[in-house]
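Q: So the sequence lines, in the order shown, correspond to chains A and B.
First residue of the first sequence? That's 1455 in my numbering, and the numbers climb one at a time after it.
First residue of the second sequence? That's 125 in my numbering, and the numbers climb one at a time after it.
Yeah, the Cβ is synthetic: ideal placement off N, Cα and C, and Gly gets one too.
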Amino acid sequence: GAVVSQHPSRVICKSGTSVKIECRSLDFQATTMFWYRQFPKQSLMLMATSNEGSKATYEQGVEKDKFLINHASLTLSTLTVTSAHPEDSSFYICSAIRRGSEAFFGQGTRLTVV
Amino acid sequence: AQKITQTQPGMFVQEKEAVTLDCTYDTSDQSYGLFWYKQPSSGEMIFLIYQGSYDEQNATEGRYSLNFQKARKSANLVISASQLGDSAMYFCAVEETSGSRLTFGEGTQLTVNP
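In structure tokens, the structure reads:
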């Protein structure tokens, strides 16, 4: 079964609103989680590294104020897309690494901004 | 920084035949990990196989095997006895140090024909 759960799987929102995406590690503690963005038929691009109890580390070119990341507990990281615009429409996917194992990915969230 | 190259945007194979998906990488790290993931149209990322840079033997997982040629910085995925359900996008990824982020290649879209 899934060890990383991401919610929601699909969301449609109006331009200008904010959307929160949750990523939970189900049966292990994840001090670090990663958020990726994927455009159609393209690769996964790392947006940021979410660190429990501290600020996220953002990749170059990713707007911190637009993509707010909160890693408030060892099993939950959230990505909030603030003031969403149509160009933010994309597939967002998180991953968490269980100690001694490979990275596990959430199911992904398909965001459509209309 | 790592760079992953998958030179085959699309590959076709007949059911029950074997297929090789190419992956080359460029990293200055001495210790690294190589991963292959499968992404069906649903978007989820499915872990297939892992190869550590110091592993002397090629990794195998069921019908998946990794042809690891360290000197050539090549980590090709071999899928034997292809099945219709193998049709998906396949990503090669490198992990620079254990527990860190993954850098993905552009992906190869595999289509298995009946």
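Out of A1526/A, L1530/A, S1527/A, T1503/A, point me to the one whose CA is closest to K1518/A's CA.
A: As a first step, residue 1518/A must be located in the first sequence, where it is residue number 64. Taking only the C-alpha atoms, the option nearest K1518/A is T1503/A.
Q: Using a cut-off of 9 Å between C-beta atoms, extract the partners of F215/B located in chain A.
A: For the purposes of this step, residue 215/B is taken as residue 91 along the second sequence, with counting starting at 1. Neighbours of F215/B on chain A, chain order: S1497, L1498.
Q: Quick one: is Q154/B buried, meaning 16 or more other Cβ sit within 10 Å of its Cβ, or exposed?
A: For the purposes of this step, residue 154/B is identified with residue 30 of the second sequence, where counting begins at 1. Flag for Q154/B reads exposed.
Q: Using a Cβ cut-off of 9 Å, pull out every chain B residue sitting near R1564/A, in sequence order please.
A: Position 110 of the first sequence, counted from the start, is the residue given in the question as residue 1564/A. Within 9 Å Cβ-Cβ: G167.
Q: How many Å lie between N1524/A and R196/B at the Cα?
A: Start at 1 with the first residue of the first sequence, and residue 1524/A comes out as number 70. Start at 1 with the first residue of the second sequence, and residue 196/B comes out as number 72. Those two C-alpha atoms are separated by around 41 Å.
Q: Could you tell me if L158/B is buried or exposed, where buried requires 16 or more neighbouring beta carbons within 10 angstroms of its beta carbon?
A: Here residue 158/B corresponds to residue number 34 of the second sequence, with the count starting at 1. With 16 or more Cβ atoms within 10 Å of its Cβ, L158/B is classed as buried.
Q: Let me check one thing: in DSSP terms, what residues is Y1512/A bridge-paired to?
A: For the purposes of this step, residue 1512/A is identified with residue 58 of the first sequence, where counting begins at 1. DSSP, once it has assigned bridges, lists A1502/A as partnering Y1512/A.
Q: Quick check on the burial criterion: 16 or more other C-beta atoms within 10 angstroms. Buried or exposed for K162/B?
A: Start at 1 with the first residue of the second sequence, and residue 162/B comes out as number 38. Buried, by the Cβ-count rule.
Q: Taking its Cβ as the centre, do 16 or more other Cβ atoms sit within 10 Å of S206/B, making it buried, or is it exposed?
A: Indexing the second sequence from 1 puts residue 206/B at position 82. When all chains shown are included, S206/B counts as buried.
Q: Taking the straight line between their C-alpha atoms, what separation do you get for K1495/A and M169/B?
A: Reading the first sequence from its first residue, position 41 is the one you call residue 1495/A. Reading the second sequence from its first residue, position 45 is the one you call residue 169/B. Near 14 Å, if we compare the C-alpha coordinates of M169/B and K1495/A.
Q: With DSSP as the reference, identify every bridge partner of T148/B, one or two as the case may be.
A: Start at 1 with the first residue of the second sequence, and residue 148/B comes out as number 24. T129/B, S198/B.
Q: Helix, strand or coil: which one does DSSP assign to E220/B?
A: Counting from 1 along the second sequence, the entry for residue 220/B is found at position 96. If DSSP states are grouped into helix, strand and coil, E220/B belongs with coil.
Q: Among residues of its own chain, excluding the 5 on either side of D1542/A, which ones have a beta-carbon nearer than 6 Å to its beta-carbon?
A: If you number the first sequence from 1, residue 1542/A lands on position 88. If we look at D1542/A and ignore the five residues flanking it on each side, its Cβ neighbours are V1535, V1567.
Q: Output yes if chain B places a C-beta closer than 7 Å to the C-beta of F1559/A; else output no.
A: Counted from its first residue, the first sequence places residue 1559/A at position 105. Yes, F1559/A counts as interfacial toward chain B.
Q: Using Cβ-Cβ distances below 8 Å, what residues of the region 1535–1557 of chain A are close to chain B?
A: F1545, I1547, S1549, I1551, R1553, E1556, A1557
Q: In its own chain, which residues sit with a C-beta less than 6 Å from the C-beta of K67/B, not counting the 5 before and 5 after it?
A: No answer is possible for residue 67/B: the residues shown for chain B start at 125 and end at 238.
Q: Take every Cβ of the region 132–140 of chain B, pair it with every Cβ of the region 169–185 of chain B, and state whether three or more of those distances are shorter than 8 Å.
A: no
Q: Could you name the residues of the same chain whose beta carbon sits closer than 7 Å to that of S211/B, not counting the 5 residues immediately before and after it, in chain order?
A: Looking up residue 211/B in the second sequence gives position 87. Result list for S211/B: L234, T235, V236, in chain order.
Q: Please classify R1464/A as buried or exposed, where buried requires at least 16 neighbouring CB atoms within 10 angstroms.
A: Working through the first sequence from its first residue, we reach residue 1464/A at position 10. Result: exposed.
Q: Mark E219/B as exposed unless 16 or more other C-beta atoms lie within 10 angstroms of its C-beta, in which case mark it buried.
A: Counted from its first residue, the second sequence places residue 219/B at position 95. With 16 or more other Cβ atoms within 10 Å, it is buried.
Q: For S1497/A, collect the residues of the same chain with a Cβ closer than 6 Å to its Cβ; drop the 5 residues on either side in sequence, then sort them by chain order.
A: The residue you call residue 1497/A lines up with position 43 of the first sequence. Once the five neighbours on either side are set aside, S1497/A has no close Cβ partner at all.
Q: Of all the options P1540/A, H1461/A, A1557/A, which has the alpha carbon lying nearest to the alpha carbon of A1484/A?
A: As a first step, residue 1484/A is located in the first sequence; it is residue number 30 there, counting from the start. Of the candidates P1540/A, H1461/A, A1557/A, the one whose C-alpha sits nearest the C-alpha of A1484/A is A1557/A.
Q: Is there a C-beta anywhere in chain B that falls below 7 Å from the one on F1488/A?
A: What you label residue 1488/A is simply residue 34 of the first sequence in a count that begins at 1. Chain B, which has a Cβ nearer than 7 Å to the Cβ of F1488/A, makes this yes.
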